[in-house]
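**Q** Below are the C-alpha cells for one structure; questions will follow.
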Amino acid sequence: MFGNNNVMSYSQGNMELNCPQPMVAVSGAFKRYTSKSPILLRGFSMTVPTGAIYGLLGPSGCGKTTLLNCIVGNRRLDSGRVSLAINKRKDLGYMPQEVALNEEFTIEETFFFYGRLFDMSRAHVKARMKELLTFFDLPSEGFIGELSGGQQRRVSFAVALLHNPRLLILDEPTVGVDPVLCSRIWDALVKMAFEEKKTIIITTHYIEEARQCQLIGLMRGGVLLAEEPPLTLMASHNCNTLEQVFLELSQKQHEATNKSSEDLIESDIDYKKLTNQYFQPPLISSQIWKKSRFSAQLFKNVVWMKRNLPIMMFLLFLPFLLFTIYCSVFGKTPTGLSLGIVSEELGSMKDCQVNSSDQFFNYTDFNCYFDGPLSCLYLERLKEHDFNLIEFSKLETAQTALARNKVWGLLHFTSNYTVAVLERIDFGFDTAASVVRDGTVDVRLDMSDHVIGTSLQRIILNTYNDFIGEVYEACGSIAEAGKIPIKYHDAIYGGNEPLFSYTTLPGYLMSFSFYLPMLFTSGAIMLEKLSGLMERKMIAGMTMLEIVTAHAVVQIFILFCQTGIIFYTAYGIFDNPVEGDLYLLILLTFVNEISGMCYGFMLSEIYDSDTNCSYAGTGTVLGLFMTTGTLWPMEGAHPIMRSVMWFLPVNAAAISYHSIALRGYGITSPIVYNGFLSTLAWSAFFAIGAIAINKIRNGVR
Ligand SMILES: Nc1ncnc2c1ncn2[C@@H]1O[C@H](COP(=O)(O)OP(=O)(O)OP(=O)(O)O)[C@@H](O)[C@H]1O
1 MFGNNNVMSY SQGNMELNCP QPMVAVSGAF KRYTSKSPIL LRGFSMTVPT
51 GAIYGLLGPS GCGKTTLLNC IVGNRRLDSG RVSLAINKRK DLGYMPQEVA
101 LNEEFTIEET FFFYGRLFDM SRAHVKARMK ELLTFFDLPS EGFIGELSGG
151 QQRRVSFAVA LLHNPRLLIL DEPTVGVDPV LCSRIWDALV KMAFEEKKTI
201 IITTHYIEEA RQCQLIGLMR GGVLLAEEPP LTLMASHNCN TLEQVFLELS
251 QKQHEATNKS SEDLIESDID YKKLTNQYFQ PPLISSQIWK KSRFSAQLFK
301 NVVWMKRNLP IMMFLLFLPF LLFTIYCSVF GKTPTGLSLG IVSEELGSMK
351 DCQVNSSDQF FNYTDFNCYF DGPLSCLYLE RLKEHDFNLI EFSKLETAQT
401 ALARNKVWGL LHFTSNYTVA VLERIDFGFD TAASVVRDGT VDVRLDMSDH
451 VIGTSLQRII LNTYNDFIGE VYEACGSIAE AGKIPIKYHD AIYGGNEPLF
501 SYTTLPGYLM SFSFYLPMLF TSGAIMLEKL SGLMERKMIA GMTMLEIVTA
551 HAVVQIFILF CQTGIIFYTA YGIFDNPVEG DLYLLILLTF VNEISGMCYG
601 FMLSEIYDSD TNCSYAGTGT VLGLFMTTGT LWPMEGAHPI MRSVMWFLPV
651 NAAAISYHSI ALRGYGITSP IVYNGFLSTL AWSAFFAIGA IAINKIRNGV
701 R
C-alpha cells in the first residue's frame, strides 16, 4: 500500500454511512477534569461509520484530545457511552499529539518495541518497518532523540500504523510535515479507508485539509455543531471553504445562546444530575499480564539502562560514597579539643616536669608521696585523652578565650589545691568549707555543641575518678575508696566504649535504603508519564501490572548491587559491629528497599509533576530520618510522637536492624520480626495505594 502513488480517487459515497454498526459511536458524553475546571463535553454525541475518514475539527482547547482519550479508554467519561465495533486493542492504532517515543531508542528498536507489544513476529515487524520507513521518507538508522521534530512525528505516525489496525485515531498527524509528504499521507489514508475499510478519526488545525474526509464533525462548546460530509456542509451553508462554514456555525451558536463558547462551558448547569449514566469504556479489559508485553517493557528498561550508563554508575557509586563518608566522619569521639588550664598552684605547667619530690611534693604530714602537685597528676591523665591543653596565667584571659571559642572548656585549680585535696581526705567529716572549695576543680564549658560538651563532661569526670583513686592509693588506701562508689561491669551489648556511629548506622542505613529505590522508581515512572510514553503504551494494551513488574525486575537487580555495595562498605571496608546474622540484616535491608520502591510507585501515581513528586519523596524521607534514632533516640521524643513513631515506615525496620546488629537477636525475637512485618505491611499499603490511586484517576485497567 505505502509507496504506491497511484492512488484511486475516492468519493464520499463509498463509506458505509448507513451501516448498522458504526465503528465509533459516542452518545451523551460529559467530561470535565475537576469540579472546578470547565465542562469540555456537554452531552456530546458523534457517529463514525466503518471505513470513513472522520475529521474532528474545533477550536484549540475545546476538548478534541480529551474526547479521543475517552474513546480509546485512556480516560473515563463522567457520563455517557462510547461504543466501538472493535474489542481488541490490537485493532486500534493511536497517534498521540505529542511524539511520545523513547528518545534513547533507535528507530529500529522503537518498531521492535511496539511490534513486541502487539505480539508481532520479528520478520513481520521488519517487513512493515521497511515499508513504513520508505513511505514516510525516514532513515533506517539513528536514535529517536537525534531526529528532527518532523521526523520524530513521522516515526510516531508510522508506529501507529505498524500493526495494521482497523481503527486509526490520529491526533494532529500532519503537524510538522512538509506539503508534499502531507499530500502523500492523505492519499494513503484515503486508500486505507477505501481499500482496506479502515476507519480513521483525525484531528487537525488545517481545516482545509479535512476536505478529504468523508465526514466532518465540528465541535464547539462541548457539543457537535454539525456532522456531515464536507461538500454537503459547504453547500448547505453556501460557503466555499470549510473555514467559512465553521465561522458561520460558531456565530450561529453564539447568537442562539447569546454566550461565548467559554461562557457556555462554564454555564451553571447541575452537572451531577446530568452525569448519572456511566458506561464502562469498551476497550477496558485487556488481559492483565501478557509475556510479550512484559518482555517489550523489560527490553525498554534494559535499553534505557544501557543508554544511561552514567546515571547507572552514579546509582551504584552513590551508596559507596555516602557510606564511606558516613563511616569516616560520623559518630567518632571528638579528639584534639583545646582545653584552657589555669593552675594557681603552678608557676607554669612546665613545673610539672621538674622532679623535686624531696622538697615540695612530699606530703609527709599525710603519708602521701607524689612526683608533683596534684593538679599536675590530673592534667597528665587528661593529656592521655588527646586534649590540647593551653595554659593561661589569669582566669580572666582564659574566660575570654572560652567566650571566643579558642578553647572548648576551662579548668581552674586554686593555689592551695594539692593540700586542700589531701586535707579533705584526711579530715573527712571535719573538713572546713574553705578546704572543700580550695580542693575543687572549677570547670567552665562551651556547651553550644551538645556532643562535644557532654563528651568533655564525661571525660573530665571519669579522669577525675581515676585520678582521685591514684591519690588514695598513694596515701596508703585502696583506689576504690576514693572513686565514686558505682561499678560499671562490662556492657552486655555495644562494648564499654561504643561509638555513636554504631548506634546510628541502623537508622541511617534503613533511611537511605528506603530513599534510593523510592527516588529511582518515582523518577522512572514520572519520566514515562510526562513524556506521554505511559499513555501511549497503555492505549496499545500494556497494563500497569506489566509496567510495574518490568520495572521491579530492573530495580531488584539494581537493589542487589546497591545492597552489596552498602554492606561491603559498612562491614568490609569499615569495621562496624555485627553481633547477629549478617544475612538477616541483608534480608531486612532488601525488604526495606522494596518498601521504598512501592512508595515510589505510589508517589508517581499521586503526582503529575516530577518536581512535586521528588519534593514529596525527599520531604517524607527526611521526616522519617528524624524518627529512626539516627539523630536522637526515640526514647527522648515527645510521648505522643513516641507512640506514633512505632507505626511509621522505616522506623520499625531500623529498630529491628539495631537489635540484630548490636544485640545479636534472631528472627524469633519480637523486636526483629516486628521490623520485618511492619516493613512488609507498609510495602503492601504502598502497593495497594498505588493501584487504588491509579484506578481512581485513570479508570480500571
Ligand atoms: N489532564 C488534564 N487535567 C486537567 N485539565 C486538562 C488535562 N488535559 C487537558 N486539560 C484541559 O482540557 C482542555 C481541553 O484540552 P484538549 O487537549 O482536550 O483540547 P484540544 O481541543 O485537543 O486542544 P488542541 O487543539 O489545542 O490540541 C484544555 O483547557 C486543557 O488545559
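The UniProt record's numbering applies: residue 1 is where the sequence shown begins, and numbers increase by one.
Ideal Cβ positions, reconstructed from N, Cα and C, are used throughout, including at glycine.
A quick note: this is a predicted structure, and the numbers were derived from the prediction, not measured.
Answer with buried or exposed for TRP186, where buried requires no fewer than 16 other C-beta atoms within 10 angstroms of its C-beta.
**A** buried
**Q** Identify every run of the beta strand (DSSP E) within the stretch 640 to 696, keeping only runs that are complete inside it and at least 3 residues long; order them along the chain.
**A** none
**Q** Assuming GLN562 contacts LEU624 under a Cβ cut-off of 8 Å, what Cβ separation, rounded to an integer in Å, is found between them?
**A** About 19 Å separates the two Cβ atoms, so there is no contact after all.
**Q** Whose CB is closer than 5 Å to a heavy atom of ligand 1? List the residues in chain order.
**A** Answer in sequence order: TYR33, SER60, GLY61, CYS62, GLY63, LYS64, THR65 and THR66.
**Q** Could you tell me the distance, in whole angstroms, from the CA atom of LEU133 to the CA atom of PHE112?
**A** 13 Å
**Q** Kindly list the residues whose CB is nearer than 6 Å to the CB of SER375, restricted to its own chain and excluding five residues on each side of it in sequence; keep chain order.
**A** Leaving aside the five residues that flank SER375 on each side, the residues in its chain whose CB is nearer than 6 Å to its CB run, in chain order, SER343, GLU345, PHE413 and TYR417.
**Q** Please determine if the stretch 325 to 335 and the stretch 488 to 508 are in contact, where contact requires at least 3 C-beta pairs separated by less than 8 Å.
**A** A contact exists between the stretch 325 to 335 and the stretch 488 to 508.
**Q** Excluding the 5 residues flanking GLY149 on each side, which residues of the same chain have their C-beta closer than 6 Å to its C-beta?
**A** GLY176
**Q** Is it buried or exposed, residue 731, if we count other Cβ atoms within 10 angstroms and call 16 or more buried?
**A** Past the edges of the chain, shown from 1 to 701, lies residue 731, and the structure says nothing about it.
**Q** Using 8 Å as the threshold, is the stretch 210 to 227 in touch with the stretch 48 to 67, meaning 3 or more CB pairs across them?
**A** yes
**Q** Could you tell me which uninterrupted alpha helix (DSSP H) segments, each at least 4 residues in length, are contained entirely in the stretch 433 to 505, listed from first to last along the chain?
**A** 433 to 438, 450 to 474 and 479 to 482
**Q** Hey, would you say LEU585 sits closer than 8 Å to ALA652, going by beta carbons?
**A** Cβ distance not < 8 Å, so LEU585 and ALA652 don't count as in contact.
**Q** What residues in its chain sit with their C-beta under 7 Å from that of ARG81, if we drop five residues either side in the sequence?
**A** Cβ within range, chain order: SER27, GLY28 and PHE279.
**Q** Which residues bound the alpha helix (DSSP H) around VAL302?
**A** Counted as a single uninterrupted DSSP element, the alpha helix (DSSP H) harbouring VAL302 occupies residues 291 to 307.
**Q** Does the distance from the C-beta atom of MET544 to that of ASN694 stay below 8 Å?
**A** yes
**Q** Note down the Cα distance separating ALA687 from MET597, rounded to an integer number of angstroms.
**A** Each residue's Cα considered, the two are about 9 Å apart.
**Q** Which class does SER511 belong to by DSSP, given the choice of helix, strand or coil?
**A** In the structure shown, SER511 falls within a helical segment according to DSSP collapsed to helix, strand and coil.
**Q** When DSSP builds the beta bridges, which residues end up paired with SER343?
**A** Paired residue(s): PHE413.
**Q** Per DSSP, SER338 forms a beta bridge with which residues?
**A** ASN388
**Q** Using a 10 Å radius around the Cβ and a threshold of 16 neighbouring Cβ atoms, would you call HIS638 buried or exposed?
**A** exposed
**Q** Report, in whole angstroms, the separation of the C-beta atoms of MET526 and ASP610, which I expect to be a contact under 8 Å.
**A** 4 Å
**Q** Is the separation between the beta-carbon of ASN465 and that of LYS487 shorter than 8 Å?
**A** no
**Q** Within 10 Å of its beta-carbon, does PRO96 have 16 or more other beta-carbons around it, so buried, or fewer, so exposed?
**A** buried
**Q** Count the other CB atoms within 10 Å of the CB of ARG404; is the residue buried (16 or more) or exposed (fewer)?
**A** exposed
**Q** Straight-line CA distance for LEU559 to LEU677?
**A** 20 Å
**Q** Using only the alpha-carbon positions, how far apart do GLU384 and ARG307 sit?
**A** 56 Å
**Q** Compare the Cα-Cα distances from LEU402 to each of SER338, VAL451, ASP438 and THR589 and report the closest residue.
**A** SER338
**Q** Determine, using beta carbons only, whether residue 703 and ARG116 come nearer to each other than 8 Å.
**A** With the chain represented from 1 up to 701, any question about residue 703 goes unanswered, as that position is not in the structure.
**Q** Measure how close the beta-carbons of MET23 and THR203 come, nearest whole angstrom, since I'm counting them as under 8 Å.
**A** Taking the Cβ atoms as the reference, MET23 lies roughly 16 Å from THR203, outside the contact range of under 8 Å.
**Q** Work out the CA separation of GLU104 and GLU146 for me, nearest whole Å.
**A** Cα to Cα, the separation comes out at about 9 Å.
**Q** Give the straight-line distance between the Cα atoms of TRP682 and ALA85, rounded to the nearest whole angstrom.
**A** So the alpha carbons of these two residues sit roughly 43 Å apart.
**Q** What did DSSP end up calling SER614 once you bin it into helix, strand or coil?
**A** helix
**Q** Under three-state DSSP, which class holds GLU32?
**A** One detail in the question is off: residue 32 reads as Arg in this sequence, not Glu. Coil.
**Q** Pick out whichever of THR47, GLU196 and GLY507 has its Cα sitting closest to the Cα of PRO633.
**A** Comparing Cα positions, the closest option is GLY507.
**Q** In the DSSP assignment, find the unbroken beta strand (DSSP E) run with ILE558 in it and report its ends.
**A** Unbroken run through ILE558 is the alpha helix (DSSP H), 544 to 567; no beta strand (DSSP E).
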